[in-house]
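J.: I am attaching a structure below and will ask some questions about it afterwards.
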Amino acid sequence: MPDDTLTITDNRTGQTYSVPIENGTIRAMNLRQIKTSPEDFGLMTYDPAFMNTASCRSSITYIDGDQGILRYRGYPIEVLAERCTFLEVAYLLLFGDLPTEAELKGWVHDITHHTMLHESTKMFMEGFRYDGHPMGMFVSTVAALSTVYPDARHVHDSANRLLQIKRLIGKVPSIAAMSYRHNVGFPYVYPDNDLSYAENFMNMLWKMVEPKYVAQPAIARALDILFILHADHEQNCGTNAMRSVSSAQTDPYLSMASAAAALAGPLHGGANEEVLKMLDEIGSKDKVPAYIKKVKDGGVKLMGFGHRIYKNYDPRAKIIKWTAEQVFEVTGRNPKLEIALELERIALEDEYFVKRKLYPNVDFYSGIMYQAMGFRPEMFTVLFAIPRTAGWLAQWQELITDPEQKIARPRQIYTGHEEREFVAMEKRTSGALARG
Ligand code: CMC
């Protein structure tokens, strides 16, 4: 008998089954043979929130949550953040290897030449309420691009996929910048092809009447590093949405809108905005112990802390902390840093957090830095979505080209009524709405 198997005895029937173990997993479908009778559907697994279920094979991103390791295509995140530009990393994620000089030049050229939005898309954005949340604008406008590029539905055509990938990576900073300009009531700024990816984004955000926008180099580099850190994070909630929706062969604009919608949630990418609100609420360093008590009493969560996968310091948070220092040298220290450092200090010593292995995650320090750079908190999650576009699209490509993948369709455990008699209107005593 081979070693890599699992023997299961069904105590209901006394039957024994042997199922193969591969890559530390068993196939859930192998459990279906375990039945109490020929009519029985067979055994399923129940795993709300996918706590212990691998939904795909992936060669893009590796995380060891216990050790605090993150690698893209085998390269440690620390090295990529130090040595690469974001577009270089986007190429790596999408195509599997770092680009040569010539490949990078071509790639940067292509992305730069896809930054423009159709005027109809601009007009679409003009229709949002003046104070609409930028993430809502971002999600809706990405979805609206599906109407501009109907050819994107040919998801099995690799040349077509590549075109949509370039369009999306090129256009997301333009959409993000327009959502900001819309909020503040400034005219939209068109892209400038002379500038790098991060510099052009800054240009579209902050150019006023000067003929040529000149980006502060340290800020542009910090933004690029932040983009690298956020580019992919394997099967998180947003990426799972991307894969799940595009498994129906939905076009990448609509699929990516769903991924960005997931990212907007406060437990996911929306946490960076929530951290800033939390620091505002705490107000000063001396109020930190009282806030920690409130967290421990279950009143609130410590935003920017904890992670489904990391049970150690999030390696991205370490790099962000370092990058923030570089930014503060230019912008001056964000006074909220004091509160954040104190929160981290107390939390890392406190038994509640130690026992649960709760450490700062990527969102804990990013907001403080973004605010010092001049971003409004509402923009923070959009800043996450721009680089994550590269990751979502890499995961999309992998899904589309994986022969094992099919339309994503989980099972359920039905807990409702058996078939019941229809109740005529005059006999109903429902109250269902009030019960909630
Ligand atoms: N503050 C206080 N307690 C927490 C926190 C927190 N931030 N996070 C987890 N816990 C507690 C939780 O109450 C539970 O305690 P108990 O065992 O007594 O019930 C225990 O730790 C395990 O937590 P969980 O909720 O089962 O963990 P999860 O894997 O389902 O949730 C998480 C992960 C990130 C949603 C959660 O840690 C959280 O809500 N953190 C705050 C929001 C946040 O910072 N999100 C950004 C995540 S990183 C960027 C991204 O992926 O987008």
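Numbering-wise, the sequence shown is residues 104 to 539 according to the working numbering.
Even glycine gets a Cβ: it sits at the ideal position worked out from N, Cα and C.
Note that the structure is a prediction, hence the values are computed from the model and not measured.
1) According to DSSP, is L332 helix, strand or coil?
2) Using only alpha-carbon positions, find the residue among I129, E481, A475, T504 that is nearest to A321.
3) Which whole-angstrom value is the C-beta distance of R419 and L173, which I expect to be below 8 Å?
4) For E125, which of L146, P141, A157 has the nearest alpha-carbon?
5) Does the contact criterion of 3 or more C-beta pairs under 8 Å hold for the segment 326 to 338 versus the segment 485 to 494?
6) Is K404 near ligand 1, in the sense that its beta carbon is under 7 Å from a heavy atom of that ligand?
7) May I ask which residues mark the beginning and end of the beta strand (DSSP E) holding I166?
8) Taking 7 Å as the line, does the beta carbon of F408 fall inside it for any heavy atom of ligand 1?
9) Which residue wins for smallest C-alpha separation from D383, given the options G470, K315, V430, K460?
10) Quick one: measure Cβ to Cβ for N415 and Y462, integer angstroms, because I've assumed they're closer than 8 Å.
11) List, from N- to C-terminal side, the alpha helix (DSSP H) runs of 4 residues or more that fit wholly inside the segment 317 to 373.
12) Smallest Cα separation from P290: which of D297, S243, V211, S277?
13) Find the nearest neighbour of M281 within the set Y252, T342, T218, judged by alpha-carbon distance.
14) Could you check where the beta strand (DSSP E) with V258 kicks off and where it finishes?
15) Pop quiz: S349 and W499 are said to be a contact at Cβ under 8 Å. What is the actual Cβ separation, rounded to whole angstroms?
16) Give the secondary structure of Y120 by DSSP, where H, G and I count as helix, E and B as strand, and everything else as coil.
17) Below 7 Å, is the gap between the Cβ of R346 and the nearest heavy atom of ligand 1?
18) Taking a contact to mean a Cβ-Cβ separation below 8 Å, would you say R514 touches M147 in this structure?
19) Could you tell me whether any non-hydrogen atom of ligand 1 is closer than 7 Å to the CB of V398?
20) Considering only their Cβ atoms, is the gap separating A246 from A360 smaller than 8 Å?
21) Indicate the three-state DSSP secondary structure (helix, strand or coil) for D113 in the structure shown.
22) May I ask you to report which of helix, strand or coil DSSP gives F289?
23) Between M238 and M228, how many whole angstroms is the CB-CB distance? I'm expecting something under 8 Å.
24) Can at least three beta-carbon pairs, one atom from the segment 307 to 322 and one from the segment 510 to 525, be found at a separation below 8 Å?
25) Comparing alpha-carbon positions, which option in G401, A318, R411 lies nearest D297?
26) Given a threshold of 16 other Cβ atoms within 10 Å of its Cβ, counted over all protein chains shown, does A535 qualify as buried or as exposed?
27) Go ahead and pull the three-state DSSP assignment for Y394.
28) On the three-state DSSP scale, how would you describe T426?
29) Give a single yes or no on whether R448 has its beta carbon closer than 7 Å to a heavy atom of ligand 1.
30) With distances taken between CB atoms, is the gap from M345 to A323 smaller than 8 Å?
31) For a test of the three-state rule: what should DSSP assign to L173, helix, strand or coil?
32) Could you tell me which residues DSSP pairs with Y455 in its beta bridges?
33) Taking just the CA atoms, how far does F189 sit from G435?
34) Pull the bridge partners of P179 from the DSSP assignment, please.
35) How many angstroms separate the CA atom of M154 from the CA atom of E222?
T.: Walking through what the data contain:
1) In the structure shown, L332 falls within a helical segment according to DSSP collapsed to helix, strand and coil.
2) Closest option to A321, Cα to Cα, is A475.
3) Between L173 and R419 the Cβ distance is about 7 Å, and since that is below 8 Å, they are a contact.
4) Answer by Cα proximity: A157.
5) A contact between stretches requires three or more CB pairs, one per stretch, nearer than 8 Å, and the segment 326 to 338 meets this requirement with the segment 485 to 494.
6) Remark: the shortest separation between the CB of K404 and any heavy atom of ligand 1 falls under 7 Å.
7) Under the DSSP assignment, I166 falls in the beta strand (DSSP E) whose first and last residues are 164 to 167.
8) Closer than 7 Å to some heavy atom of ligand 1: that describes the Cβ of F408.
9) Comparing C-alpha distances from D383 to each of G470, K315, V430, K460 shows the shortest one belongs to G470.
10) With 8 Å as the limit, N415 and Y462 qualify as a contact, their Cβ atoms being about 6 Å apart.
11) Under the rule that a run must span 4 or more residues, the alpha helix (DSSP H) segments found entirely inside the segment 317 to 373 read 320 to 333, 340 to 349, 355 to 366.
12) Residue S277 is the option with its Cα nearest to P290.
13) From the listed residues Y252, T342, T218, the smallest Cα separation to M281 is found for T218.
14) V258 -> no beta strand (DSSP E), and no H or E assigned at all.
15) Taking C-beta atoms under 8 Å as the contact rule, S349 and W499 qualify, at a distance of about 5 Å.
16) Here Y120 sits in strand by DSSP.
17) No; taking the cut-off as 7 Å, the Cβ of R346 has no heavy atom of ligand 1 nearer than that.
18) Contact flag set, yes.
19) Taking the Cβ of V398 as the reference point, at least one heavy atom of ligand 1 falls within a distance shorter than 7 Å.
20) Contact: yes.
21) If DSSP states are grouped into helix, strand and coil, D113 belongs with the strands.
22) If DSSP states are grouped into helix, strand and coil, F289 belongs with coil.
23) For M238 against M228, the beta-carbon gap comes to about 13 Å, at or over 8 Å, which does not count as contact.
24) Under the three-pair Cβ rule at 8 Å, the segment 307 to 322 does not count as touching the segment 510 to 525.
25) Checked all of G401, A318, R411; the closest Cα to D297 is A318.
26) With fewer than 16 Cβ atoms within 10 Å of its Cβ, A535 is classed as exposed.
27) In this structure, Y394 counts as helix in the three-state DSSP scheme.
28) Assigned with DSSP and collapsed to three states, T426 falls in helix.
29) No, the Cβ of R448 stays beyond 7 Å of every heavy atom of ligand 1.
30) Not a contact, by the Cβ cut-off of 8 Å.
31) L173: strand per DSSP, three-state reduction.
32) Answer is none; Y455 lacks a bridge partner.
33) Rounded to the nearest angstrom, the two C-alpha atoms are 25 Å apart.
34) Beta-bridge annotation (DSSP): P179 is paired with R174.
35) Between M154 and E222, the C-alpha separation is close to 44 Å.
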